[in-house]
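Chemist: The sequence shown begins at 9 in our numbering and counts up one residue at a time. The C-beta atom is built at its ideal place from N, Cα and C for all residues, glycine as well.
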Amino acid sequence: MPEPEAAILHADADAFFASVEQRDDPRLRGRPVVVGGGVVTAASYEARAHGVRGGMGGSRVRRLCPAAIFCKPRWDAYVEASRALFELFEATAPTVEGLSLEEAFLDVRGLGRIAGSPVEIAARLRAQARERVGLPVSVGIARNKFLAKMASRAAKPDGVLVVPLDGELSFLHPLAVSALWGVGPATAAKLEARGLRTVGELARLAEHELVAIVGRATGRKLHALARGEDRRRVSRGPGRRSIGSQSALGRRSRSAAELDAVLVSLADHGLTPSALAARFTHTG
Numbered sequence: 009m010p011e012p013e014a015a016i017l018h019a020d021a022d023a024f025f026a027s028v029e030q031r032d033d034p035r036l037r038g039r040p041v042v043v044g045g046g047v048v049t050a051a052s053y054e055a056r057a058h059g060v061r062g063g064m065g066g067s068r069v070r071r072l073c074p075a076a077i078f079c080k081p082r083w084d085a086y087v088e089a090s091r092a093l094f095e096l097f098e099a100t101a102p103t104v105e106g107l108s109l110e111e112a113f114l115d116v117r118g119l120g121r122i123a124g125s126p127v128e129i130a131a132r133l134r135a136q137a138r139e140r141v142g143l144p145v146s147v148g149i150a151r152n153k154f155l156a157k158m159a160s161r162a163a164k165p166d167g168v169l170v171v172p173l174d175g176e177l178s179f180l181h182p183l184a185v186s187a188l189w190g191v192g193p194a195t196a197a198k199l200e201a202r203g204l205r206t207v208g209e210l211a212r213l214a215e216h217e218l219v220a221i222v223g224r225a226t227g228r229k230l231h232a233l234a235r236g237e238d239r240r241r242v243s244r245g246p247g248r249r250s251i252g253s254q255s256a257l258g259r260r261s262r263s264a265a266e267l268d269a270v271l272v273s274l275a276d277h278g279l280t281p282s283a284l285a286a287r288f289t290h291t292g
């Protein structure tokens, strides 16, 4: 059995939709860009610095960041940028697993002699993304998919972070429990009510103790993740390369015909979906 190595990459374009807008319009560079209309689809890091986040209503964005520049989503441009990114990903590693339009796992194990170390591969990929696609890409490098994704998140914006084999727990354990996959607000609240605020505190519990708090499936998963364990392999396939669209409906009641029109408008971006899901959220 080959020795384990930190050779799984998670590559993720930074603030993807907003970065495409800044790439295509030099006047937007360095300025707070918000993609969306009534609801924020994406925000540049300049906008995020003011507290702007995805899913926010436009009126709140204007209060937080009066200088925000709103851009109407250009789905064709985002899909084309995604194609260009994935061409680079596929040219970089023999096994690529797409997660969304702008992110993927790359397995670069065994490529040392022909392509260099994982760090060298990541540096080359990032440089090519800048030169050929015009977008910043952050990369996390680790032994498994979970740690690589956590590393890319920590590397943002526009950075690289390696989690060495002997540094996995020192990287992971100081993080908040909410950083773990599968820990949403409800699960985080349950854990924090027990005084469990960091991944390290979670790791000290036995599996059956976690199961008693959050249930069997979630407890077993979190028990493994808190120890940096993830046996999933990088696998080719259709992945989850998808895009989302949102629209604010306002406060007045809407007829079924009006809702149908909104859904058609959101879906009509010239794409052929394999699946379509819609969700309505009341923001009160």
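1. Return yes when the Cβ of Gly167 is within less than 8 Å of the Cβ of Ala146, no when it is not.
2. Which whole-angstrom value describes the C-beta separation of Ile221 and Leu199, a residue pair presumed to lie in contact below a C-beta threshold of 8 Å?
3. Examine the Cβ distances between the segment 123 to 133 and the segment 26 to 39 and report whether three or more of them are shorter than 8 Å.
4. I need the straight-line Cα distance from Ala75 to Pro40, nearest angstrom please.
5. Under the DSSP definition of a beta bridge, which residues are partnered with Phe78?
6. Going by DSSP, what residue range makes up the alpha helix (DSSP H) through His231?
7. Mind pulling the beta strand (DSSP E) runs of 3 or more residues that sit fully within the segment 123 to 153?
8. Which of the three DSSP states is assigned to His18 in this structure?
9. For a test of the three-state rule: what should DSSP assign to Leu204, helix, strand or coil?
10. Using a 10 Å radius around the Cβ and a threshold of 16 neighbouring Cβ atoms, would you call His18 buried or exposed?
11. Could you spell out where the beta strand (DSSP E) holding Val87 opens and where it closes?
12. Thinking C-alpha only, which one of Val48, His216, Gly142 is nearest Ala85?
13. Any idea what DSSP makes of Ser160, helix, strand or coil?
14. In whole angstroms, what separates the C-alpha of Leu183 from that of Ala197?
15. Can you give the beta carbon distance from Pro242 to Glu54, rounded, assuming they're within the 8 Å contact cut?
16. Compare the Cα-Cα distances from Arg117 to each of Ile129, Thr206, Gly236 and report the closest residue.
17. Just to confirm the assignment, what range does the beta strand (DSSP E) spanning Ala112 have?
18. Below 8 Å, can you find three or more Cβ-Cβ pairs linking the segment 231 to 239 to the segment 200 to 218?
19. For my contact list, Leu93 and Ala21 are in at a C-beta cut-off of 8 Å; report their separation, rounded to the angstrom.
20. Just to check my reading of the structure: Ala26 and Ala57 have Cβ atoms closer than 8 Å, yes? What is that Cβ distance to the nearest angstrom?
21. Alpha carbon to alpha carbon, how far is Ala135 from Ala99? Give it in angstroms, no decimals.
22. Tell me which same chain residues have a C-beta within less than 6 Å of the C-beta of Phe78, skipping the five on either side of it?
23. Can you tell me which of the three DSSP states Ala184 falls into?
24. From Val48 to Thr103, what does the alpha carbon distance come to, in whole angstroms?
Modeler: Reading it off the structure:
1. The residue asked about is misnamed: residue 146 is Ser in this sequence, not Ala. Their beta carbons are under 8 Å apart, which means Ser146 touches Gly167 by this criterion.
2. 7 Å
3. The answer is no - the segment 26 to 39 does not touch the segment 123 to 133, with fewer than three Cβ pairs under 8 Å.
4. 7 Å
5. Answer is Val42.
6. 224 to 233
7. 145 to 150
8. DSSP, read as helix, strand or coil, puts His18 in strand.
9. coil
10. buried
11. That residue, Val87, is in no beta strand (DSSP E); its alpha helix (DSSP H) goes 83 to 100.
12. Answer by Cα proximity: Gly142.
13. helix
14. 16 Å
15. The identity of residue 242 in the sequence shown is Val, whereas the question assumes Pro. Not quite, the Cβ-Cβ distance comes to about 33 Å (not below 8 Å), so this is no contact.
16. Ile129
17. 111 to 115
18. They touch, by the three-pair rule.
19. Distance from Leu93 to Ala21 at the Cβ level is roughly 6 Å; contact confirmed, criterion being Cβ atoms closer than 8 Å.
20. Wrong, their Cβ atoms sit about 13 Å apart, outside the cutoff.
21. 14 Å
22. Val42
23. Ala184: strand per DSSP, three-state reduction.
24. 33 Å
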